[in-house]
Each structure stands twice: as C-alpha cells, then as structure tokens.
Amino acid sequence: MHIERPEGLDEALAALAADPHATLLAGGTDLMVEVNLTHRRPASVVALRRVPELREWDERMIGAGVSWARMESGPVTGLAQLARTVGSPQIRAVGTLGGNLGTASPAGDALPWLAALDAEVVLASDRGRRRLAWDEFLLGPKRTARQPGELIVGVQLPEALPPHQAFAKVGVRQAMVIATVNCCVVRDADGATRVALGAVGPTVRRARRAEALVSGTVRPSAAVLDRFEALVREEIAPIDDHRASAAYRRHAAGVLARRTLERCWS
Amino acid sequence: MIVTLEVNGEPCAAEVAGFESLLWVLRERLGLTGAKDACLQGECGSCSVLLDGEVVCACLVLAADAEGARVTTVEGLAGGSEGELHLVQQAFVDAGAVQCGFCTPGLIVAAAHLLETRPGAGDAEVREALSGNLCRCTGYGAILRAVARAQSQATQGGAP
Ligand SMILES: Cc1cc2nc3c(=O)[nH]c(=O)nc-3n(C[C@H](O)[C@H](O)[C@H](O)COP(=O)(O)OP(=O)(O)OC[C@H]3O[C@@H](n4cnc5c(N)ncnc54)[C@H](O)[C@@H]3O)c2cc1C
Ligand code: FES
Ligand code: FES
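Protein chains in written order, with our numbering: chain L, 3 to 268; chain X, 504 to 663.
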C-alpha cells in the first residue's frame, strides 16, 4: 500500500491528480471498519487529516474535515444536536462531516440536516471546483457523484440559517447507534418548513407534501399534525433489514417527524 | 514502511505493513498489550488510547497515518520508575471496578482523559464520556464509583 499524507489542499489535489483512484482517508471510522472486517485493501491512500483548509468553518461553509466533536460544540443548533447522537466520544473525536458524505450511508446522521437546509457539496480537483446540490451529490446507498480525482472540500450553507432547527433519531439504544430512522426539520422565520428523513430510502429524502402542509405562520392543529404524519409515511420508501422492518420504520418516521416538527415550534 | 511515533513519551520507529491499525502495531510490533483487541469496529472502546491528546479507538487508526503522532497507552499512565499507579488506576483497584479486566485499560484511558480535561464533570457527563467503552461484566456501577473516587481525590486530595 502506498500512502500520501499531504499537509495542504493543493498538495492533496496534486496527489489525487497523480493517482485519481486513490482511497481518501479522513477519520477512518468508516474506512477502517471495512479494512478490519471486510478486508478491504485499497492499493493507495491519500490521508487528509493534516490538510488545514479542510478543517475551516465559517458562516457559509463547513469544511469536510470538521469533526463531530467540533460540530457538537459548535454554534449551529441542528448540527450540534445531530453530532451529539453520533457514535461515542472516540468516534466523534476523529469522524468527519466529509467522511459522512463520502460514505453516503442512507442512515448518515448529517445528511438529513444537509437536505433540510438545501446545502450544496463543494468538490475540488486539480482542475477546479464544482458545487452540487445535496440530491445531485447523493445518488444511492453508498453512491455519490464524486469523480475520480475529486475530494469533498466542504458543504456550502444557505445565506441565512433557519432560526428553528431540530434533529431526532430512533435507534435500538441511546449511545453508539446507527439510526433506524433519523429526521431533521427546519423552519424559516417566515414559516417555510423543510423535513428530511434518513434510513427510510436509498438516500436521505425530503417529505415535500408534508412540508407544504405545515409551512406558514399558523401553528398546526392536532388534526393537521395527524395529516402531516400520514403524508410523511406516504413519502418514504423504507425497506426491511437487520435493524428494523419497513413497517416499523414507516410508523417511527411519522412519529419522529411530528415530534421534531413540534420542537421547531417550542 | 517505517512509521515514527512518540509512544508514552518515547520516540519509536515501527515497521508497518499495509493496512495495519495503530492497535496492531502497538500490540504486535511494540509489545504494548494494554490496549485490547476486541471488536475491531469502534464499538467497544477496549482499544482506547490517546492520540495527540484525544481518546480514539486505536483499531480505527491506520498506523501509516499515525506518522508523527503522540500516543499514550494505559502503560504510559502509571508513574515512571516507582511503578506508582495513576490515580484512576488506583481508584479502579480500590473500588473493585475490575472483573475480567478486558474493558479496564480502555476505560482507564478514557476516565484519565476526562479527569484531566474536565475535572469537575457531573454524573451525566461522566456517563457520556465513558459511553464508548463497553463492559460485559460489572454492570458499570463499580466503574462509576471508581471514577467518582478518582475525581474527588483529584480535586480534594482525599477519598470520598
Ligand atoms: C462505532 C461507530 C459508530 C458510528 N456511529 C455513527 C452514527 O451514529 N451516525 C453516523 O452517521 N455515522 C456513524 N458512524 C459512521 C462514521 O463514523 C461516520 O460516517 C463518519 O462521519 C465517517 O467519517 P470519517 O472521517 O471517519 O470517514 P473515513 O472513514 O475516513 O471515510 C469515509 C468515506 O468517506 C470518504 N472520504 C472521507 N473524506 C473525504 C473527503 N474529504 N472527500 C471525499 N471523500 C472522503 C472516504 O474515502 C471513505 O469512503 C459510526 C462508526 C462507528 C465505527
Ligand atoms: S477493538 Fe477497537 S473499539 Fe473494539
Ligand atoms: S470487567 Fe469484564 S468487560 Fe469489563
């Protein structure tokens, strides 16, 4: 195995240009599990943890190399809430936003937040940068639009972050658990509401009809919330797997989305 | 390839092959068998070590990417030549927080780090800080009592 350990973004992009199919390594919390358990053996690795540009975080952009631990103690409500639920302190110390996107698990906990914000993924290669909407980037379970030679620089956020953001997740226990269903709801000052759910389809998805129902300045009545729950259940496509049945996921998604929405009002 | 690291304050160079983890290198190449090798998937925390001052699962660190890192294992916590135990180690002994002992090195590394970085941590914070370390024997009660004992010794210099 060959490893490159670039100390700057240009150096990283040059290493990738020279070896476009090299495997990118950030915190290793997904990649090393594959190495240890499925005996994945990439021929070459470009390790990104020494690249300072990827750890930058400003109003509009969060670097791919920002760890869960930083997100957890950061200023953005929804992101801090979801980061707290990820793995354990050991995982949060090294696991990154870019790694969550790179893995593109249907259950990735950062993904509903990014989808609810309509965030964009910023990719770079030695030929330049491009920005893809979250749903252009996430193509399927563990499939993304990243091309050989590209890396994720970070995510671009909308100009103003919604004042109300809430994230919640259902799993089999409290600590260290991959989501059975996860959900993020955000509400703008004018009442526009966006709802995204993970682990209920091949990629994270928005419940757009449910969003339309509750967008506005009127607090939804119990009857509207019932209808909201029902719409959420109609707009997802969960499957049976070792974590839960599709029927359970469908039920849980409705309950979770309703609770998360109500938190945006309190 | 050769990877150079600082382990428990000593510079060292280890021959590392392909996809070896830091855990493997510590145990099999450097003879430091304190950090335990259990799940190899980041779930149990028995391989916890400090990497540049943060608690990580050594099984998830690619050894080749640890070049230049500062690593502290449970062996590095006990005090030098007198072999005096670290406060947290002594508290685990005194509180009887060890049964089979497999989880103990990882828990001690995590608890020692907590004590150093957040000495006044409350019960919820302690539980959260140790949530990445699984124990199949003790039921955690004695472990939490050991941490409380170490905390009060660190802050007041006396046992609770
Ligand atoms: C015990 C345990 C618990 C976990 N719990 C959760 C959880 O609760 N919620 C959750 O969402 N995830 C969880 N995970 C999964 C994992 O921690 C996250 O997906 C994490 O964000 C991965 O980040 P990383 O930096 O460790 O990625 P790595 O393992 O380094 O990389 C992951 C993938 O992304 C690619 N990649 C990394 N950085 C970039 C980049 N800048 N550009 C392009 N590609 C890149 C890599 O090539 C690789 O394919 C858990 C993992 C473990 C082991
Ligand atoms: S062996 Fe590393 S976390 Fe279990
Ligand atoms: S004492 Fe046996 S696993 Fe904790």
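Built from N, CA and C at the ideal position, the CB exists for glycine as well. Please read all numbers here as calculations on a predicted model, not as lab measurements.
- Select from the region 36 to 50 of chain L all residues with a C-beta closer than 9 Å to any C-beta belonging to chain X, and list them in chain order. Val-37, Asn-38, Leu-39, His-41, Arg-42, Arg-43, Pro-44, Val-47, Ala-49
- Going along the chain, which residues of its own chain have a beta-carbon closer than 8 Å to the beta-carbon of Cys-547 of chain X, five neighbours each way excluded? Residue mapping note: residue 547 of chain X aligns to position 44 of the second sequence, counting from 1. Closer than 8 Å at the Cβ level, and outside the excluded window around Cys-547 of chain X, lie Ala-541, Cys-606, Gly-609, Asn-636, Leu-637.
- Helix or strand or just coil, what does DSSP make of Met-73 of chain L? Residue mapping note: residue 73 of chain L aligns to position 71 of the first sequence, counting from 1. In this structure, Met-73 of chain L counts as helix in the three-state DSSP scheme.
- Beta carbon nearer than 6 Å to a non-hydrogen atom of ligand 2: X:Asp-540, X:Ala-541, X:Cys-542, X:Leu-543, X:Gly-545, X:Glu-546, X:Cys-547, X:Gly-548, X:Ser-549, X:Cys-550, X:Cys-560, X:Cys-562
- Secondary structure at Ser-127 of chain L, three-state DSSP: helix, strand or coil? Position 125 of the first sequence, counting from 1, holds the residue named residue 127 of chain L. DSSP places Ser-127 of chain L in strand when its eight states are reduced to three.
- Tell me, please, whether the region 45 to 57 of chain L touches the region 11 to 31 of chain L by the rule of three or more beta-carbon pairs shorter than 8 Å. yes
- Task: Kindly indicate if chain L contains any beta-carbon less than 8 Å away from that of Glu-509 of chain X.
- Result: Numbered from its first residue, the second sequence carries residue 509 of chain X at position 6. Cβ-Cβ to chain L under 8 Å: no for Glu-509 of chain X.
- For Glu-585 of chain X and chain L, any beta-carbon pair shorter than 8 Å? Taking the first residue of the second sequence as position 1, residue 585 of chain X is located at position 82. Not an interface residue.
- When you check each C-beta in the region 90 to 116 of chain L against every C-beta of chain X, which residues fall closer than 8 Å? Ser-90, Pro-91, Gln-92, Ile-93, Ala-95, Val-96
- Do you know offhand how far Ala-262 of chain L's Cα is from Thr-195 of chain L's? Numbered from its first residue, the first sequence carries residue 262 of chain L at position 260. Numbered from its first residue, the first sequence carries residue 195 of chain L at position 193. Looking at the sequence provided, one finds Thr at residue 262 of chain L rather than Ala. Going from the Cα of Thr-262 of chain L to the Cα of Thr-195 of chain L covers about 12 Å.
- Query: Would you call the region 113 to 132 of chain L and the region 184 to 201 of chain L in contact, with 3 or more CB pairs under 8 Å?
  - Reply: yes
- Task: Could you list which residues in chain X have their beta carbon closer than 9 Å to that of Arg-7 of chain L, in chain order?
- Result: The count along the first sequence starts at 1 and reaches residue 7 of chain L at position 5. Result: Ala-567, Asp-568, Glu-570, Gly-571.
- Task: Report the three-state DSSP secondary structure of Pro-164 of chain L (helix, strand or coil).
- Result: Position 162 of the first sequence holds residue 164 of chain L. Three-state DSSP puts Pro-164 of chain L in coil, outside helix and strand.
- Could you check what DSSP says for Val-197 of chain L in three-state terms: helix, strand or coil? Within the first sequence, residue 197 of chain L is the residue found at index 195, counting from 1. Here Val-197 of chain L sits in strand by DSSP.
- Message: Give me the DSSP bridge partner(s) of Thr-146 of chain L.
- Response: Here residue 146 of chain L corresponds to residue number 144 of the first sequence, with the count starting at 1. For Thr-146 of chain L, which the question treats as bridged, DSSP gives the partners L:Leu-140.
- Could you name the residues that DSSP lists as bridge partners for Gly-521 of chain X? The residue labelled residue 521 of chain X in the question sits at position 18 within the second sequence. Paired residue(s): none; Gly-521 of chain X is not in a bridge.
- Message: Give me the chain L residues within the contact set of Glu-557 of chain X, using Cβ-Cβ distance strictly less than 7 Å, ordered along the chain.
- Response: On the second sequence, residue 557 of chain X is found 54 positions in, with the first residue counted as 1. What Glu-557 of chain X touches in chain L: Ala-95.
- Which chain L residues sit within Cβ distance under 9 Å of Val-591 of chain X? The residue labelled residue 591 of chain X in the question sits at position 88 within the second sequence. Correct list: empty, because the minimum Cβ distance to chain L is about 16 Å.
- Using the Cα positions of Arg-252 of chain L and Met-504 of chain X, report the straight-line distance between them to the nearest angstrom. Indexing the first sequence from 1 puts residue 252 of chain L at position 250. Indexing the second sequence from 1 puts residue 504 of chain X at position 1. Roughly 50 Å between the two C-alpha positions.
- Query: alpha helix (DSSP H) containing Arg-94 of chain L: first to last residue?
  - Reply: Mapped onto the first sequence, residue 94 of chain L falls at position 92. That run of the alpha helix (DSSP H) goes 91 to 96.
- Task: Taking Cys-603 of chain X as the query, report the chain L residues whose CB atoms sit under 9 Å from its CB, ordered along the chain.
- Result: What you label residue 603 of chain X is simply residue 100 of the second sequence in a count that begins at 1. Chain L residues near Cys-603 of chain X: none, gap ~21 Å exceeds 9 Å.
- Query: Does Phe-522 of chain X come within less than 8 Å of chain L when only Cβ atoms are used?
  - Reply: Residue 522 of chain X sits at position 19 when you count from the first residue of the second sequence. Chain L, which has a Cβ nearer than 8 Å to the Cβ of Phe-522 of chain X, makes this yes.
- Chain-ordered chain X contacts of Leu-27 of chain L [CB-CB under 7 Å]: The count along the first sequence starts at 1 and reaches residue 27 of chain L at position 25. Within chain X, the residues near Leu-27 of chain L are Leu-565, Asp-568.
- Task: With 8 Å as the threshold, decide whether the Cβ of Ala-544 of chain X is near any Cβ in chain L.
- Result: As a working note, residue 544 of chain X is residue 41 in the second sequence. According to the sequence displayed, residue 544 of chain X carries Gln and not Ala. So yes, Gln-544 of chain X belongs to the interface.
- Message: So Ser-551 of chain X contacts chain L; which residues on that side make the cut at Cβ distance below 8 Å?
- Response: On the second sequence, position 48 is the one that residue 551 of chain X refers to. Per Cβ cutoff of 8 Å: Gln-92.
- Output, in chain order, the set of chain L residues within a Cβ distance shorter than 7 Å of Gly-623 of chain X. Taking the first residue of the second sequence as 1, we reach residue 623 of chain X at position 120. Residues of chain L passing the Cβ test: none, with the nearest at roughly 17 Å.
- Query: Would Gly-30 of chain L count as contacting chain X if we go by Cβ distances under 8 Å?
  - Reply: Mapped onto the first sequence, residue 30 of chain L falls at position 28. Yes, its Cβ sits closer than 8 Å to a Cβ of chain X.
- Outcome for Pro-622 of chain X when other beta-carbon atoms lying within 10 angstroms are tallied against a minimum of 16: Sequence index remark: in the second sequence, residue 622 of chain X carries index 119 (1-based). Classification for Pro-622 of chain X: exposed.
- Query: Do Val-519 of chain X and Leu-553 of chain X have their C-beta atoms closer together than 8 Å?
  - Reply: Here the question's residue 519 of chain X lines up with position 16 in the second sequence. Here the question's residue 553 of chain X lines up with position 50 in the second sequence. Not closer than 8 Å, so no.
- Taking just the CA atoms, how far does Ala-191 of chain L sit from Ala-569 of chain X? Here the question's residue 569 of chain X lines up with position 66 in the second sequence. Here the question's residue 191 of chain L lines up with position 189 in the first sequence. Answer to the nearest angstrom: the Cα atoms are 46 Å apart.
- Short-range partners of chain L found in the region 627 to 650 of chain X, where Cβ spacing is below 7 Å: Ala-632, Ser-634, Gly-635
- Query: For the region 569 to 655 of chain X, which segments carrying the alpha helix (DSSP H) assignment without a break, of at least 4 residues, lie completely within its bounds, in sequence order?
  - Reply: 590 to 598, 607 to 620, 626 to 632
- Query: Roughly how many whole angstroms lie between the Cα atoms of Gly-156 of chain L and Ala-653 of chain X?
  - Reply: Residue mapping note: residue 156 of chain L aligns to position 154 of the first sequence, counting from 1. Residue mapping note: residue 653 of chain X aligns to position 150 of the second sequence, counting from 1. C-alpha separation (whole angstroms): 41 Å.
- Message: For chain X, check one thing: does any of its Cβ atoms lie closer than 8 Å to the Cβ of Ala-82 of chain L?
- Response: Mapped onto the first sequence, residue 82 of chain L falls at position 80. Cβ-Cβ to chain X under 8 Å: no for Ala-82 of chain L.
- Query: Is the beta carbon of Ala-651 of chain X less than 8 Å from the beta carbon of Ala-632 of chain X?
  - Reply: To locate residue 651 of chain X, count along the second sequence from 1; it is residue 148. To locate residue 632 of chain X, count along the second sequence from 1; it is residue 129. No, these two residues do not count as a Cβ contact at 8 Å.
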